[in-house]
Amino acid sequence: MNAPAVTDKTAPRSERSQARRFGGWREHHGWSAVASLRRLGARPLGTLMTVAVLGLALALPLAFYLLLANVQSMGNALGRNPAISVFLKADQAGAQANLLAGELRGRSGVAAVTIKTPQQGLDELAALQGFSGAVHALDDANPLPWVLVVQPQAGLDAPAVDALVQSLRSERAVDLVQDSGQWRQRLDALLGMGHRVVLVLAGLLALAALLVVGNTVRTDIASRSEEIGVLLLVGASRAFVRRPYLYAGIWYGLIGGVLASLLALAIELALAGPAAELDRAYGGALTLGALPWWLLLAAPLAAAALGWLGARLVSAWQLRQAA
Numbered sequence: 171m172n173a174p175a176v177t178d179k180t181a182p183r184s185e186r187s188q189a190r191r192f193g194g195w196r197e198h199h200g201w202s203a204v205a206s207l208r209r210l211g212a213r214p215l216g217t218l219m220t221v222a223v224l225g226l227a228l229a230l231p232l233a234f235y236l237l238l239a240n241v242q243s244m245g246n247a248l249g250r251n252p253a254i255s256v257f258l259k260a261d262q263a264g265a266q267a268n269l270l271a272g273e274l275r276g277r278s279g280v281a282a283v284t285i286k287t288p289q290q291g292l293d294e295l296a297a298l299q300g301f302s303g304a305v306h307a308l309d310d311a312n313p314l315p316w317v318l319v320v321q322p323q324a325g326l327d328a329p330a331v332d333a334l335v336q337s338l339r340s341e342r343a344v345d346l347v348q349d350s351g352q353w354r355q356r357l358d359a360l361l362g363m364g365h366r367v368v369l370v371l372a373g374l375l376a377l378a379a380l381l382v383v384g385n386t387v388r389t390d391i392a393s394r395s396e397e398i399g400v401l402l403l404v405g406a407s408r409a410f411v412r413r414p415y416l417y418a419g420i421w422y423g424l425i426g427g428v429l430a431s432l433l434a435l436a437i438e439l440a441l442a443g444p445a446a447e448l449d450r451a452y453g454g455a456l457t458l459g460a461l462p463w464w465l466l467l468a469a470p471l472a473a474a475a476l477g478w479l480g481a482r483l484v485s486a487w488q489l490r491q492a493a
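In my numbering, the protein residues as written are 171 to 493.
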């Protein structure tokens, strides 16, 4: 004969009670998730409008993030990294250029120095569109000077770069120093302001999404005030009563977040053609990127958390009023 199976009756009464409570709690969570989703589907027009508002509100920060990331990428490709062009005087020959280059390589703050001969400068000028005819019209004498391209060390701050530029301008053999430091500082300032604007915009739109879900859940609770009153009279806890509305907020946020990610992808696809044309115009120097996959996945989860929070705050307040 087989040994009799051990039943739950052999367990202590407290453990059986806890197991029953946990089973009921888990069952009610499952019922609340399904029932709230069915309730959303029962009123498709209202659900669609709420989800559309959430999707549009949450897609805006993603679109601005995409734009800001590509502007930063364009800045890096178009010369955001510092490079100082030092034009020597016309009477300076190659020997003086090599001597000055060797001296500059030993200075602190200088990573590298590249010498550009007058012939190299003339070849670059001839390669530019519209300048080839003018270059061929020149006499045999090359009017361009020797140029030293000084690359500051990585991580050098703006004041140190400015000090390096001033020291280069004080050299006797130097005629002109061309530095894009002011342009770099303006770009960095614009990018910093852009990051701050995106954060503020994301916070405001997240608050708007929270209020939209909260107002929708408040309307739903108000329409079922009699049912909620009966549940409270028969001894249902507030957590039991508000659970379906919390899941409704989660569904609103999750679906709205998925819609926001899809809208951001649609914006990205719409900009793919012009971005490719811009990249070709700059000879493939631009590296325009797309939204990272983790951000597209995090948007629905963050929106679901916002929906839960909005529903939690409103349902708690509504139930306190009904009690």
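C-beta atoms are modelled at their ideal positions from N, C-alpha and C, and glycine is treated no differently.
Problem set entry | Simplified DSSP assignment, three categories, for Leu314 | coil
Problem set entry | Simplified DSSP state of Leu236, which is helix, strand or coil | helix
For this session: For Pro315, I'd like the list of residues in its chain whose CB is within less than 6 Å of its CB, leaving aside the five on either flank, ordered along the chain.
Result: Phe257, Leu258, Ala260
Exercise. Using a Cβ-Cβ cut-off of 6 Å (strictly less than) and excluding sequence neighbours within five positions of Thr177, which residues of its own chain qualify?
Worked result: Annotation note: pLDDT 43 at Thr177 (below 50); position unreliable, no value reported.
For this session: Check the DSSP bridge columns for Ile254 and list the partner residues they point to.
Result: Within the DSSP secondary-structure output, Ile254 pairs in a beta bridge with Val320.
Problem set entry | Boundaries of the alpha helix (DSSP H) in which Asp449 is found, first to last residue | 442-451
Problem set entry | Start and end residues, alpha helix (DSSP H) containing Ala265 | 264-275
Exercise. So which of Pro414, Lys286, Ser255, Asn385 has the shortest CA-CA distance to Trp195?
Worked result: Pro414
For this session: Please classify Thr220: is it buried, with 16 or more other beta-carbons within 10 angstroms of its beta-carbon, or exposed?
Result: buried
For this session: For the alpha helix (DSSP H) holding Ala328, just list the boundary residues, first then last.
Result: According to the DSSP assignment, Ala328 belongs to the alpha helix (DSSP H) that extends over 328-339.
Problem set entry | Contacts around Ala205, its chain only, beta-carbon distance under 7 Å, and the 5 residues preceding and following it disregarded | Pro414
Exercise. When DSSP labels each residue in this structure, what does Met171 get in the three-state scheme?
Worked result: Summary for Met171: the model assigns pLDDT 38, below 50, so the residue's position carries little reliability; its value from the coordinates is reported in the next sentence. Residue state, collapsed to three classes: coil.
Exercise. Do you know whose CA, among Thr284, Ile425, Gly426, Ala392, lies nearest Arg162's CA?
Worked result: Examination of residue 162 is not possible in this model, given that the chain is present from 171 through 493 alone.
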